[in-house]
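Enquirer: Everything in the sequence shown is counted per the working numbering, starting at 71 for the first residue and increasing by one.
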Amino acid sequence: VTELCEFEIEHDVDNFEASLNDDILKIVYLNRYSADSVPQISYVRGFGIKSGAIASTVAHDSHNIMAVGTNDADLLKAINKVIEYKGGLVYCKDGMSTILPLPIGGIMSDRSGEYVNKIFTSLNIFLFLSVLICGGTTI
């Protein structure tokens with residue numbers, strides 16, 4: 071369910087990235103079919119991520135890039151990894167990343183089912199740990 075969420079930033083900042091205590095993260099939408107597209111940036115609540123960033127091209131109806139993260143450095147790395155692999159699911163934290171490449175339309179892999187399962191499971195574990203161990207309360 072989508073609803074309006076308003077919040078006040080408690081201190082002066084030039085570039086607000088996230089409020090982890092309030093579960094408010096930056097969300098980025100990027101058209102991956104246009105080289106000169108401008109990222110659309112807003113904020114989202116409810117992901118529970120306490121560290122790192124996720125990006126995906128599994129985003130109906132056009133399978134453009136959607137990314138959510140706790141900081142700009144990990145968001146940028148996640149988005150660039152998705153672009154580099156021509157689609158996929160990625161989790162980045164502190165410059166390190168795990169990606170499930172989905173080069174066929176940004177939604178399908180050209181790898182074996184075993185490979186897809188292994189990487190997808192790893193991504194789920196990283197997200198689970200980011201939420202659970204880093205202080206989140208929801209999954």
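Think of the CB as a built atom: it goes at the ideal place given N, C-alpha and C, for glycine as much as any other residue.
Please check the pair I145 and L159, which I expect to be a contact at CB under 8 Å, by giving their CB distance rounded to whole angstroms.
Expert: First, the residue type needs correcting, since residue 145 is Leu and not Ile in the sequence shown. L145 to L159, Cβ: 15 Å. No contact.
Enquirer: Compute the distance between the beta-carbons of V152 and A125, then report whether it is under 7 Å.
Expert: Yes, the Cβ-Cβ distance between V152 and A125 is below 7 Å.
Enquirer: Where do the ends of the alpha helix (DSSP H) carrying K147 lie?
Expert: Unbroken alpha helix (DSSP H) run through K147: 142 to 154.
Enquirer: List the endpoints of the continuous beta strand (DSSP E) containing C75.
Expert: Careful: C75 lies outside any beta strand (DSSP E) and carries neither H nor E.
Enquirer: Could you tell me the alpha carbon to alpha carbon distance between T208 and G139, rounded to whole angstroms?
Expert: The pLDDT assigned to T208 is 38, lower than 50, so where the model puts this residue is not dependable, and the model offers no usable value.
Enquirer: Quick one: Cα of S89 to Cα of M166, how far?
Expert: About 22 Å.
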